[in-house]
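Some notes on the structure that comes next.
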Amino acid sequence: MLKVTEQELALLESLARAQGISKQAVLMRAVLTGGSDAAARYERLREDLSVTRLMLANVANNVNQLAHQANSFAVAGGTPVNAEDVARALRDVRVVLARVDAVASGSGVDDAR
């Protein structure tokens, strides 16, 4: 059993709500990561990585579509790949790469969203 004051309980409940997890999970993360601040940073990092993963999947899909279009053109004389589409895909790759670098360095990625 863990004894806490009403103020500590309120903080614990607030952290749990903000992170969408149980009070027990907040305490376990705090213990395993070095405190409640570290646990909150861990949760933000998980969210940032989730958003980054989605961005990367979208970019990969776009690049795959361009490759498919280029292959179709080479084999069957379909519509050629537009240089502007390739440039846009490259910009998207660079945005995702910058986001990965920001997440990895811990500098935050709010401006990359």
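First residue of the sequence shown: 1, per my numbering; consecutive thereafter.
In this text, a Cβ means the ideal position worked out from N, Cα and C, and glycines have one as well.
Because the structure is a prediction, the values reported are computed rather than measured.
Q.
Suppose contacts are defined by Cβ-Cβ distances below 8 Å. Is leucine 49 in contact with valine 103 by that definition?
A. The residue you call residue 49 lines up with position 49 of the sequence shown. The residue you call residue 103 lines up with position 103 of the sequence shown. A contact, by the Cβ cut-off of 8 Å.
Q | Reference isoleucine 21, options Glu6, Arg88, Gln7 and Ala40, closest by Cα | A | Walking along the sequence shown from the start, residue 21 turns up at place 21. Comparing Cα positions, the closest option is Ala40.
Q. CA-CA distance, alanine 112 and glutamine 7?
A. What you label residue 112 is simply residue 112 of the sequence shown in a count that begins at 1. What you label residue 7 is simply residue 7 of the sequence shown in a count that begins at 1. The predicted model places alanine 112 with a pLDDT of 43, which falls under 50 and marks its position as unreliable; any figure quoted below should be read in that light. Their backbone Cα atoms lie some 36 Å apart in a straight line.
Q: To the nearest angstrom, report how far apart phenylalanine 73 and lysine 23 are at their CA atoms.
A: Indexing the sequence shown from 1 puts residue 73 at position 73. Indexing the sequence shown from 1 puts residue 23 at position 23. If I take the Cα positions, the gap works out to 57 Å.
Q. Do the CB positions of valine 86 and leucine 56 come within less than 8 Å of each other?
A. Counted from its first residue, the sequence shown places residue 86 at position 86. Counted from its first residue, the sequence shown places residue 56 at position 56. Result no, Cβ atoms of valine 86 and leucine 56 do not sit closer than 8 Å.
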